[in-house]
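Read the structure below first, then the notes.
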Amino acid sequence: MNDLYKLITRYFTKELETTNKSVYDLFKWKNVSVHIVDYKTNKTIFSREDLEFPDFYSQNACNIIASKYFRQSGVPNTPGYERSMKEITHRLVNFWTTYALEQGLINKENSQIFYDELAFALLNQMWAPNSPQWFNTGLKLSYNISKESEGHFYYDEDLGKTLQSKDAYTRTQGSACFINKIEDKLLGPGSITDLITTETRLFKLGSGTGTNFSNIRALDEPLSGGGKSSGLMSFLKVLDRNAGAIKSGGTTRRAAKMVCLDYNHPEIMDFITWKSREEQKVRDLGKMGYDIGFEGEAYETVSGQNANNSVRFSDEFMKKATTNSDETILLKGRKTDAVNREISVKELWDSFNESSWNCADPAPQFDDTINAWHTSPAGEDGVYDTRHNRINASNPCSEYHFLDDTACNLASINIRKFYDEHKKAFDLDALTHLTALIQVVLDTTIYQGQFPTEEIARKSFMFRTTGLGIANTGSTLMAMAIPYDSEEGRTISAALMGIVTGYSYYVSSLMAEKVGAFPKFDINKEYMLRVIRNHSRAAGALSGSFENLNYTPLKVNHSILNDLSLNTLSETLKTSWNLAYSHGSEIGFRNAQVTVIAPTGTIALAMDCDTTSIEPFFSHIVWKNLSGGGYMKLVNSTIKTALENLCYSSAEISSIISYIDENGKIEGAPYLNKNHYSIFDTANKSSGGSRFISPMGHVKMVAALTPFVSGAISKTVNLPNDAKVEDFKEVHEEAWKLGVKCIALYRDGSKVSQPLNVSLDGTTKSLESMNYKELLDYAKSLENKIKNIPSKIDVSSEIIPEGHHKVKCNNCGSEQIVPNGTCSLCLVCGSTSGCS
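The numbering of the sequence shown is our numbering, which starts it at 23 and goes up by one.
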């Protein structure tokens, strides 16, 4: 069936073939009230009555979609705003259908099928596009909402040049992820000040951006007009302040930004210790009585808090670092040798790990591993592997890695929707069917997209990267009664992601057959096919040795799949990659990249996912929003599913659930076989428990999936408060050895204000680490104890890690904040610090 049009069939909406119903008639609907309260002030910050959603949506999903994604003004209906999931679904799907038809990716005969299948899957919470699509797509087409152009551009294929958009909404700014280049100049295109403007435009429309700043000359390097440079760090602080002043997507979401720097820049040591120094200032300010909440005065006073920082390490450096080499490296001036200096590998590597341990920044990006999977290393000019054709940076969450001045629009599939808990099998026909539909959507978003600069518009057209990923992986594994940290768990997850990527490349080749490969495919053909072959070998679809890799990637163990009676998963994986390589090598590909794994923060909650991205469960306890406001504590419902899968009786399951509800942990639960404990392991220790997924369990999961992703995986590894610097060093080094492209580590309590609700250890806060206000509260609590009155604050019973201060959501004030990829996510209102 090597014809794109033949893939557009009715799979989810077969009922519509024989009835006069619309796709919206396939769902039962309910009226919902949404009230979101600021937990700091108890004031209502969002309230809507009589909203319409499918009847199976949780209150949490309704809250998030209504407050984050429904258009709040300019809608030509009676209330003047979107009030129904039908409206927003039509706004999105109608746009994609209209322009997929115009582009030639679908035809008139199957356009209604395309519309119905996409709408059904979206309404059924089977997938979701990234947030900028919800914000911006279809506003002009569906509602005739018009606004002056905000300086966006698009590439006109017929004219062969970049044009400025005529207005803000005819085309969509649907991309979440951007990588911007910067040149070593103050003014003009590509300059430092130009980047400030570009980043501002991106933050305003809800997107994130990353840049490698290694081109910027170092402190004291000479300037062309005389004098000396103020250095890289001075300009990073300016850009950081700009990001802090801009709220993302026109909401109270913080701007999302990534700062990358090569390990051999002369200011690398100042960059490495930057956030660590600033975090210490916050601690000191806290002791003086300043508010140390993340939106408080202390953090507002210091610099560097509005970006994720990463250091780009080469294989050459890592080989020396992992052998405790006494060698030195040369930190090279950008314009002159006068600022060159040597530094020992050990000093730099130790400082990096100590800073990461101290404040969770910076994180590593392994440059040679990233570029070994680069599908377009000849860029536009055919010069292989030169600096401007290498991958130099990523987006803020580290899942999108590609050429400078490119963009990527993302989407994620709720993988649990494809697992039948009764049949204990995956519906892989449904998964590949939806994968095909979404890739058409993502390419259409490029076709009718607009971008913040001329260069990004042009290069995004030339390479057409898309970023499909998966979510709810941890929930799916637990429902299957498979431990997250196991060979079985990693194999299943890798196979599922491998199918999504392999089939996406196959569909990309079918799109190329209809409307042409990405314009720079021919220049990069031999390199891209080499990458496709390496993916195929990891999937078991192709034999032979890996090419041009300095390590051996983890392969899917098909014996494990067969032993688990998942033979179809094994065969579909191999078939997907056989199709991708055979058809792609003959025709080419429409897209230079097709997949990433994003944090899926807000969109995961909109899909009612129990877990985000490829993350495991955070704890055994979840919080459910109530229709009248507030929330209630519940035991994670997937535990019951897993217990049923393990053949526990109803009475036994009831006793186990009650135990967890009362104790917050699973160890010691009645009737529960200790051999099953690992199935229920979570990212953090549960209250009073001792079990949690080891740091290497997370690293191995990322390593298992990395060979099946075009880009990378946004992932943070949580470590307990008592973890040592040496533990960070060990995890970082093992991640590099296993072929992980990038990873972030977070030690519980390492930031004064942190997104954690369940402590990884039971360390109580010492008097020495309390700030002035906390000391007063503690003194009052002692006075209350003396009077036999229940104390307001009893630090001896509080589980507060050293230096810990819970983050409050800057949108709703809730403390239900959890780590999510390299970002954080509010479980109450869905606000995220990420860009997806």
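Backbone N, C-alpha and C define an ideal beta-carbon position, used for all residues, glycine too.
All of these numbers come straight from a predicted model, not from anything done at the bench.
1) Using only CA atoms, which one of Cys199, Ala198 and Ser213 lies nearest to glutamate 205?
2) Check glutamate 637 in the structure and name its three-state DSSP category.
3) For alanine 664, tell me which candidate among Ile554, Thr624, Glu300 and Leu499 has the shortest Cα-Cα distance.
4) By the three-class DSSP mapping on this structure, what secondary structure does arginine 363 have?
5) What I want to know is whether the C-beta of isoleucine 735 ends up closer than 6 Å to one or more non-hydrogen atoms of the ligand MG.
6) For valine 753, count the other beta carbons within 10 Å of its own beta carbon; 16 or more makes it buried, fewer makes it exposed. Which is it?
7) Quick one: using the 10 Å Cβ neighbour count with 16 as the cut-off for buried, is cysteine 430 buried or exposed?
8) Could you give the DSSP three-state label for lysine 250: helix, strand or coil?
9) So alanine 400 and tyrosine 549 are supposed to be a Cβ contact under 8 Å. How far apart are they, rounded?
10) Give the range of the alpha helix (DSSP H) segment to which valine 724 is assigned.
11) With H, G and I counted as helix, E and B as strand and the rest as coil, what does DSSP make of histidine 605?
12) If you draw a straight line from the C-alpha of methionine 280 to the C-alpha of isoleucine 135, how long is it?
13) Could you tell me the distance, in whole angstroms, from the CA atom of serine 708 to the CA atom of serine 229?
14) Taking the CB atoms as reference points, tell me whether isoleucine 30 and asparagine 158 lie closer together than 7 Å.
15) Do the CB positions of threonine 617 and threonine 467 come within less than 7 Å of each other?
16) DSSP three-state label for methionine 340, please.
17) Taking C-alpha atoms, which residue in Asn613, Tyr33, Glu666 and Lys722 lies nearest to serine 530?
18) Would you mind sorting aspartate 427 into buried or exposed? The rule is 16 or more other CB atoms within 10 Å of its CB.
19) Ends of the beta strand (DSSP E) at isoleucine 351?
20) In the DSSP assignment, what residue or residues form a beta bridge with methionine 280?
21) Among Ile504, Pro729 and Gly719, whose alpha-carbon lies nearest the alpha-carbon of leucine 1?
22) Are the Cβ atoms of alanine 539 and glycine 610 separated by less than 7 Å?
23) Asparagine 556 bridges to which residues according to DSSP?
24) Would you identify the three-state DSSP class for asparagine 393, choosing helix, strand or coil?
25) I need the straight-line Cα distance from lysine 162 to threonine 192, nearest angstrom please.
26) For glycine 496 versus proline 638, is the C-beta spacing smaller than 7 Å?
27) Leaving out five residues before and five after lysine 36 in sequence, what residues of the same chain have Cβ atoms less than 7 Å from its Cβ?
28) Please report the distance separating the alpha-carbon of lysine 577 from that of asparagine 589.
29) Using the C-alpha atoms, what's the distance from isoleucine 218 back to leucine 261?
30) By alpha-carbon positions, which one of Ile392, Pro418, Tyr422 and Cys419 ends up nearest to arginine 412?
31) Cβ atoms of tyrosine 693 and glutamate 666: under 7 Å apart, would you say?
32) Can you look up isoleucine 492 in the DSSP assignment and give me helix, strand or coil?
33) Is DSSP giving aspartate 216 helix, strand or coil here?
34) What's the C-alpha gap between phenylalanine 34 and methionine 148?
35) Who are the Cβ neighbours of aspartate 476 in its own chain at under 6 Å, not counting the five residues just before and after it?
36) Are leucine 224 and threonine 215 touching if we call contact CB-CB under 7 Å?
For this structure:
1) Nearest option by C-alpha distance: Ser213.
2) Correct three-state label for glutamate 637: coil.
3) Nearest C-alpha to alanine 664: Leu499.
4) It is a strand residue.
5) This structure lacks the ligand MG, and indeed carries no ligand of any kind.
6) Buried: at least 16 other Cβ atoms inside 10 Å.
7) Buried.
8) DSSP places lysine 250 within a strand segment (E or B) once states are collapsed to three.
9) The Cβ separation is near 6 Å, so the contact holds.
10) Note, valine 724: alpha helix (DSSP H), 717-727.
11) DSSP places histidine 605 in helix when its eight states are reduced to three.
12) Straight-line Cα distance between these residues: approximately 40 Å.
13) Approximately 34 Å, taken between the alpha carbons.
14) Their beta carbons are not under 7 Å apart, which means isoleucine 30 does not touch asparagine 158 by this criterion.
15) No. Outside cutoff.
16) The answer is helix: DSSP assigns methionine 340 an H, G or I state.
17) Closest option to serine 530, Cα to Cα, is Asn613.
18) With at least 16 other beta carbons inside 10 angstroms of its own, aspartate 427 counts as buried.
19) First-last of the beta strand (DSSP E) with isoleucine 351: 350-353.
20) In the DSSP secondary-structure assignment, methionine 280 is bridged to Gly232 and Asn330.
21) This structure gives no information on residue 1, because the portion of the chain shown stretches from 23 to 858.
22) The answer is yes: Cβ separation under 7 Å.
23) The beta-bridge partner set that DSSP reports for asparagine 556 is empty.
24) It is helical.
25) Between lysine 162 and threonine 192, the C-alpha separation is close to 5 Å.
26) In contact: glycine 496 and proline 638 (Cβ atoms closer than 7 Å).
27) Within the same chain, no Cβ atom closer than 7 Å to the Cβ of lysine 36 is found once the five residues on either side in sequence are excluded.
28) In a straight line, the C-alpha of lysine 577 is about 16 Å away from that of asparagine 589.
29) Across the structure, leucine 261 and isoleucine 218 are spaced so that their CA atoms are roughly 6 Å apart.
30) Residue Ile392 is the option with its Cα nearest to arginine 412.
31) For the pair glutamate 666 and tyrosine 693, the CB atoms are not nearer than the 7 Å cut-off.
32) The three-state reading of DSSP puts isoleucine 492 in strand, counting E and B together.
33) Aspartate 216: helix per DSSP, three-state reduction.
34) Note on geometry: alpha-carbon atoms of phenylalanine 34 and methionine 148 lie some 11 Å from one another.
35) Checking the sequence, you will find glutamate at residue 476 rather than aspartate. Listed in chain order, the non-local C-beta contacts of glutamate 476 below 6 Å within the same chain comprise Phe175 and Thr184, local neighbours out to five positions each way being set aside.
36) Against a cut-off of 7 Å, the Cβ pair of threonine 215 and leucine 224 comes out as no contact.
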